[in-house]
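Residue numbers (this note's numbering): 10 to 158.
Here you go:
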């Protein structure tokens with residue numbers, strides 16, 4: 010049986026959906042003990058192991074995502090002048106061991122071991138620049154779009 014290869018975007022969406030489901034369950038099921046609620050969330054790695062057998066590694070290289078995909082997944086904006094998108098904190102445990110990133114202070118990094126889980130408003134203090142052109146519209150000038158390469 011051949012493996013169904015998912016895109017990075019599909020993998021990140023599956024991780025996010027699984028995390029949100031587990032958090033939702035843990036908040037909704039009052040009969041669950043606090044220990045079980047925590048275990049339910051932490052055990053997502055067991056689920057990912059099963060998914061990896063079917064669809065390949067779930068270690069995420071965020072530079073594989075387009076600007077639009079980053080926006081949909083909740084990557085934050087650091088500034089209007091910088092195309093870098095900040096990585097959501099919930100994605101930190103699932104990042105690949107090696108990928109090109111930059112800190113909000115401007116230092117460049119190529120390994121996960123070089124960054125930490127310091128975060129601002131739900132996003133790491135580290136981000137990535139999308140490989141694909143960034144298309145955006147500024148409100149209220151509807152219809153006036155530009156491409157920033």
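Glycine included, C-beta positions come from ideal geometry on N, C-alpha and C.
Annotation for residue 108: 70, 72 place their beta carbon closer than 6 Å to its own, counting only its chain and skipping 5 residues before and after.
Within the model, the alpha-carbon separation for residue 65 versus residue 15 is close to 8 Å. Taking a contact to require three or more Cβ pairs closer than 8 Å, the segment 31 to 47 and the segment 71 to 86 do not qualify as touching.
Counting along the chain, no alpha helix (DSSP H) covers residue 140, and no H or E run does either.
Fewer than three pairs of CB atoms, one per stretch, sit closer than 8 Å, so the segment 75 to 85 makes no contact with the segment 31 to 40.
The segment 94 to 113 and the segment 123 to 138 touch, with no fewer than 3 CB-CB distances between them shorter than 8 Å. In this structure, residue 97 sits near residue 84, with a CB-CB distance shorter than 8 Å.
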